[in-house]
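Q:
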Amino acid sequence: MQKQVFRMLPFLIIAAFLLSSCAEDASQSTKAIQQNVSKEQKIRGPVYKGRIVGKSKKAKTLSLEVGKGAKAQTLLLKFDENTKGIQHATKGHGVIVTYKKQGKDTYVISIKPKLSKLPKGVSRIDTAALKTLIESESDFVLVDSRPAARYGQGHLPGAISIPVCEMQELISLLPKKKDTPLVFYCGGPT
Amino acid sequence: MSAGQAVQAGYKNVYVYLDGEPAWSKAGNPTYAGYGFICQGNNVVIDLRSTNKATESRIPRSVSMPFDTLEEVMDEIPLKAPVVLLSDNEQQSLAALKLFKEEGYKKVSLVEGGYYGWKRLGGKLIKGPVITEVTWKRKMAPGEVSVADFQKALANPAMAVILDVRTNEEVKVGKLKGSQHIPLDQLCSRMDEFLSNIEGLTKKQHIFIHCATGARAEMAYKELVKNGYVNAKFLKAEVSCEQNDCDIDE
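For the protein sequence lines, the chains are A and B, in the order given.
According to my numbering, the residues represented by the first sequence are 4 to 193, in order.
According to my numbering, the residues represented by the second sequence are -1 to 248, in order.
Following this line, the structure appears as structure tokens:
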């Protein structure tokens, strides 16, 4: 046990550094987005929150999936060179869109990435820090939260599969020692 | 969120890798295929070892492409196919992974621990002549029409209305004979008016939508279905036209 902690020590110091700054960045930018959105809501009206499922530069049209489960709906939205933040419209990414109605069309005023807000007590880890952690072969558990089929197609080295919806039933798969570092990941910022 | 549940369960060092698997792969790092996916997934399993070794012992459905021939033969694998790589040498697997990524393959994963990892896991192995032919076929997404059915409808207009959603500029160069045209960006505002002008068209009409690649057609398909056109379908294929002469490539 002591040996393990000792082996992890250099990593933990680096990670503490990296993570504290990452977490701060994330919360700051989340705050910034929230402020911006509320400001724009006042000035420019309504927003959609959803996931980009299609984008055509030729037709200057986006396809946005909003709502969950049975209420999920796909909206066709128009944009042009005046639309702000069009670079955030990447297929599969979560976004916040401000829009206005133009007859039967919906025109996108701006697009911002939707950042997941981390629950209390959870820190963010980036690719480089995770790679260091995996290569250090230290004692930690990497959890793939995506559906099992996605895990099957390709998962990170050493990851175990606990799909989000099955977390309650499968939480027993996690190690008994509560101070074991756990890293969760899914299919990106959706 | 799973991480939040772990904190509630008392875990003290909980992290989330927000960028997720896509960012991990994009940075050039390997991902590993699961057991079931290797055995029976809709994919191509490539054995990078020599033909001799593969003849001796190999994963039943694997296709033999020895690493030193890979660059010449890898284009037999469709670009859209998920690929799983097997070798008995980790460095070789990683080199092959890099090669596939550079060629534009997006879904490439490795067998954890390579050949020996598979053997340790108790994975099935067989003996005998190797397979060298790739027979992978893409599974169609919901709402897709096959190229074959699309072609049939072109020959027999009673079967379905062909709807072209490309731009006016693209259509000027050429279009499919007998197709209707409404650019995707006008679909929302003109759908009712446009479709009501097609003789005999009801909400149950079979409508096959195409564009130049399938991306816009899919978006139009969703919009049509949302508006009650329950038999709309889209074509995911390359369509390139010159006047009335169009090529359709899967």
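No residue lacks a Cβ here, since even glycine has one placed at the ideal position from N, Cα and C.
Predicted, not measured: the structure shown is a model, and the values here were computed from it.
Could you please tell me which residues of the stretch 101 to 126 of chain B, in chain order, have their CB closer than 9 Å to any CB of chain A?
A: Flagged, chain order: Lys105, Val106, Ser107, Leu108, Glu110.
Q: Between the Cα of A:Lys81 and those of A:Ser66, A:Lys71, A:Ala162, spot the shortest distance and give me the residue it belongs to.
A: Nearest of A:Ser66, A:Lys71, A:Ala162 to A:Lys81, Cα basis: A:Ser66.
Q: At the level of alpha carbons, what is the spacing between B:Ala213 and B:Arg164?
A: Approximately 10 Å, taken between the alpha carbons.
Q: Indicate whether at least one CB of chain A lies closer than 8 Å to the CB of B:Asp66.
A: By this cut-off, B:Asp66 is not an interface position.
Q: Are the CB atoms of B:Ile129 and B:Val82 nearer to each other than 8 Å?
A: No, these two residues do not count as a Cβ contact at 8 Å.
Q: Using 8 Å for Cβ pairs, my map puts A:Lys99 next to A:Val50. What's the rounded Cβ distance?
A: The identity of residue 99 of chain A in the sequence shown is Ile, whereas the question assumes Lys. At roughly 6 Å, the Cβ-Cβ gap stays under 8 Å, so A:Ile99 and A:Val50 are in contact.
Q: Going by DSSP, what residues sit across from B:Ala230 in a beta bridge?
A: B:Ala230 pairs with B:Ile205.
Q: Could you give the residue range of the alpha helix (DSSP H) that holds B:Val71?
A: Element bounds for B:Val71: 68 to 71.
Q: Where does B:Tyr103 sit, in a helix, a strand or coil, going by DSSP?
A: Three-state DSSP puts B:Tyr103 in coil, outside helix and strand.
Q: Using DSSP bridges, identify the partner residues of B:Leu174.
A: DSSP output for B:Leu174 lists no bridge partner at all.
Q: Using 8 Å as the threshold, is the stretch 121 to 130 of chain A in touch with the stretch 3 to 19 of chain B, meaning 3 or more CB pairs across them?
A: Short answer: they touch.
Q: For A:Glu138, does the count of other Cβ atoms within 10 angstroms reach 16, so buried, or fall short, so exposed?
A: Exposed, by the Cβ-count rule.
Q: In chain order, what residues of the same chain lie with their CB nearer than 7 Å to the CB of A:Cys189, ignoring the 5 residues before and after it?
A: Contacts found: Ser148, Arg149.
Q: What are the start and end residues of the beta strand (DSSP E) that includes A:Ile55?
A: Residues 50 to 59.
Q: Looking at the C-beta of B:Trp134, does it have a partner C-beta in chain A at a distance below 8 Å?
A: No, B:Trp134 lies away from the interface with chain A (no Cβ there is under 8 Å from its Cβ).
Q: Closest by CA to B:Val223, which one among B:Gly176, B:Glu131, B:Leu185?
A: For B:Val223, the nearest C-alpha among the options comes from B:Leu185.
Q: Within a Cβ cutoff of 8 Å, which residues of the same chain sit near A:Ile163, ignoring the five residues on either side of it in sequence?
A: Same-chain partners within the cutoff: Val144, Leu145, Val146, Asp147, Leu176.
Q: Could you tell me the alpha carbon to alpha carbon distance between B:Lys170 and B:Gln241, rounded to whole angstroms?
A: Each residue's alpha carbon lies about 8 Å from the other.
Q: Taking 8 Å as the CB-CB limit, is A:Pro122 close to chain B?
A: For A:Pro122, the answer is yes, since a Cβ of chain B falls inside 8 Å of its Cβ.
Q: Nearest chain B C-beta to A:His91 closer than 8 Å, yes or no?
A: Not an interface residue.
Q: So the beta strand (DSSP E) B:Asp190 belongs to, where does it begin and stop?
A: Looking at the DSSP string, B:Asp190 is not in any beta strand (DSSP E); the run it does join, the alpha helix (DSSP H), is 185 to 194.
Q: What first and last residue would you give for the beta strand (DSSP E) that runs through A:Phe143?
A: First-last for A:Phe143: undefined, no H or E at that position.
Q: Checking 8 Å against the spacing of the C-beta atoms, do B:Lys201 and B:Tyr227 come in under that value?
A: The answer is yes: Cβ separation under 8 Å.
Q: Hey, quick one: how far does the beta strand (DSSP E) through B:Val223 stretch, first residue to last?
A: Unbroken run through B:Val223 is the alpha helix (DSSP H), 213 to 224; no beta strand (DSSP E).
Q: Roughly how many whole angstroms lie between the Cα atoms of A:Gln76 and B:Glu216?
A: Cα to Cα, the separation comes out at about 14 Å.
Q: Thinking C-alpha only, which one of A:Gly157, A:Ile165, A:Pro116 is nearest A:Gly53?
A: The residue with the shortest Cα to Cα distance from A:Gly53 is A:Pro116.
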